[in-house]
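Asks: One structure, as structure tokens, below. Some questions next.
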Amino acid sequence: MEELKAALRELARREPEFLIDLIADAASSRRDLALKLASVVAGVVAVPLDVATKQDIRRLERRTARLEREVQEIKNAMATKEDIKRLEDRMATKEQFEAIAISVEDSGRDMVQYLLEQRGHRCAAERLRVDSDYEFDIYCNAGALTAVGEAKVRAGRRDVERAFERARELQRRMPDKISGRLVAVLYTLVAEPSAVQRAKELKVWLIEGKREVVPLEEALG
């Protein structure tokens with residue numbers, strides 16, 4: 004019997020389909036033999052099938068674990084891409100803001116030069132760099148007066164005070180840059196009420212877009 008079991012085990016491993024056909028043929032002629040043979044085969048084959056099942060389960064578990072790792076890596080990669088996208092968006096926003104700021108500075112210089120020329124004061128408005136950390140967005144020396152100041156997208160009270168203080172600082176540090184009367188100027192696209200009030204108090208020439216909120220004459224006193 005042990006030899007038969009061994010033979011059947013080997014046959015089941017190598018030729019499972021042939022063994023099934025053999026049992027089927029036997030069943031057609033000798034039912035009692037078929038039942039006995041089937042019983043033996045069932046007992047013999049059960050072990051390799053059980054082993055195979057456990058092996059398959061372990062293999063499936065390993066594949067599942069690997070898939071989970073791959074899914075996590077994909078999620079991490081997606082998160083990284085989202086982070087990069089957010090960073091790119093922030094960089095784009097920063098670049099756009101810088102572009103707007105540069106445009107506002109250009110507009111400020113053009114408007115100051117234009118308004119001075121309308122009053123008979125000839126000058127070329129430019130940016131004035133005092134040193135690596137100190138510069139003015141607007142500098143226009145017309146001889147009889149010198150307009151010095153800042154350009155902001157939106158201006159509040161503190162921006163007005165800063166323009167006033169920096170203009171006075173330039174006069175102290177580099178008096179040769181000032182000719183005639185000094186006028187602190189602040190150009191902005193949007194002037195907050197606090198900026199308007201403070202500009203009137205400090206006599207700062209405040210320009211909002213294309214209009215003078217605090218006219219030059221009022222700033223000169």
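Using the numbering used here, the letters of the sequence shown correspond one by one to residues 4 to 224. Don't be surprised by glycine CBs; every beta carbon is placed ideally from N, CA and C. All figures in this text were calculated on a predicted structure; none of them were measured in a lab.
1) To the nearest whole angstrom, what separates the beta carbons of Ala198 and Arg160, a pair I think is in contact under 8 Å?
2) Spell out the partners DSSP gives Arg157 in its beta bridges.
3) Taking DSSP as the reference, what is the three-state secondary structure of Ala170?
4) Going straight from the alpha carbon of Ile210 to that of Tyr190, what length do you get?
5) Give the DSSP-derived three-state secondary structure of Val207 in the structure shown.
6) Can you name, in chain order, every residue of its own chain whose Cβ lies under 6 Å from the Cβ of Lys206, other than the five neighbours on each side?
7) So which of Glu129, Ala150, Val107, Glu108 has the shortest CA-CA distance to Pro218?
8) Just to check my reading of the structure: Ala145 and Leu119 have Cβ atoms closer than 8 Å, yes? What is that Cβ distance to the nearest angstrom?
9) Between the Cα of Gln116 and the Cα atoms of Ile141, Arg61, Asp134, Ser106, which residue gives the shortest distance?
10) So, for Gly212: in the same chain, excluding its five sequence neighbours on each side, which residues have a beta-carbon less than 7 Å away from its beta-carbon?
11) At the level of alpha carbons, what is the spacing between Ala156 and Arg69?
12) Name the two residues that bound the continuous alpha helix (DSSP H) containing Ala222.
13) Of all the options Pro196, Asp162, Glu153, which has the alpha carbon lying nearest to the alpha carbon of Met114?
14) If you drop the 5 nearest sequence neighbours on each side, which residues of the same chain put their C-beta closer than 6 Å to that of Val216?
15) By alpha-carbon positions, which one of Lys203, Gly183, Arg65, Arg214 ends up nearest to Cys126?
16) Name the DSSP beta bridge partners of Leu185, please?
17) May I ask which residues mark the beginning and end of the beta strand (DSSP E) holding Arg132?
18) So what's Arg214 in DSSP terms, helix, strand or just coil?
19) Nearest-angstrom Cα distance between Arg122 and Val107?
20) Between Arg214 and Arg112, what straight-line distance do the alpha-carbon atoms span, to the nearest angstrom?
Replies: Straight from the coordinates:
1) Along the sequence shown, read from residue 1 onward, the residue named residue 198 stands at position 195. Along the sequence shown, read from residue 1 onward, the residue named residue 160 stands at position 157. The pair is a contact, with the Cβ atoms about 6 Å apart (cut-off 8 Å).
2) By 1-based counting over the sequence shown, the position of residue 157 is 154. Beta-bridge pairing links Arg157 to Val193.
3) Here residue 170 is taken as the residue at index 167 of the sequence shown, counted from 1. In the structure shown, Ala170 sits in a helix (DSSP, three-state: H, G or I).
4) Counting from one through the sequence shown, the residue named residue 210 turns up at place 207. Counting from one through the sequence shown, the residue named residue 190 turns up at place 187. Cα to Cα, Ile210 sits roughly 5 Å from Tyr190.
5) Taking the sequence shown and counting its residues from 1, the one referred to as residue 207 is at position 204. Three-state DSSP puts Val207 in coil, outside helix and strand.
6) The count along the sequence shown starts at 1 and reaches residue 206 at position 203. For Lys206, where only same-chain residues beyond five positions count, the Cβ hits under 6 Å are Ala222, Gly224.
7) Position 215 of the sequence shown, counting from 1, holds the residue named residue 218. Taking only the C-alpha atoms, the option nearest Pro218 is Ala150.
8) What you label residue 145 is simply residue 142 of the sequence shown in a count that begins at 1. What you label residue 119 is simply residue 116 of the sequence shown in a count that begins at 1. Indeed they touch by this definition, with Cβ atoms about 6 Å apart.
9) Walking along the sequence shown from the start, residue 116 turns up at place 113. Closest by alpha carbon: Ile141.
10) Here residue 212 refers to the residue found at position 209 when the sequence shown is read from its first residue. Answer for Gly212: Leu192, listed in chain order.
11) Numbered from its first residue, the sequence shown carries residue 156 at position 153. Numbered from its first residue, the sequence shown carries residue 69 at position 66. It is Val, not Ala, that sits at residue 156 in the sequence shown. When rounded, the distance between both Cα atoms is 54 Å.
12) Stepping through the sequence shown from its first residue, residue 222 is reached at position 219. 219-223 is the span of the alpha helix (DSSP H), which, as asked, contains Ala222.
13) Looking up residue 114 in the sequence shown gives position 111. Here the closest residue by C-alpha is Glu153.
14) Working through the sequence shown from its first residue, we reach residue 216 at position 213. Excluding residues within five positions, the ones whose Cβ falls inside 6 Å are Ala194, Val199, Leu209.
15) Taking the sequence shown and counting its residues from 1, one reaches residue 126 at position 123. Of the listed residues, the one whose Cα sits closest to Cys126 is Gly183.
16) For the purposes of this step, residue 185 is taken as the residue at position 182 of the sequence shown. According to DSSP, Leu185 bridges with Thr149.
17) For the purposes of this step, residue 132 is identified with residue 129 of the sequence shown, where counting begins at 1. Taken as a continuous stretch (DSSP letters only), the beta strand (DSSP E) holding Arg132 covers 129-134.
18) Counting from one through the sequence shown, the residue named residue 214 turns up at place 211. Here Arg214 sits in strand by DSSP.
19) Taking the first residue of the sequence shown as position 1, residue 122 is located at position 119. Taking the first residue of the sequence shown as position 1, residue 107 is located at position 104. Rounded to whole angstroms, Arg122 to Val107 spans 23 Å at the Cα level.
20) If you number the sequence shown from 1, residue 214 lands on position 211. If you number the sequence shown from 1, residue 112 lands on position 109. Distance between the alpha carbons of Arg214 and Arg112: 14 Å.
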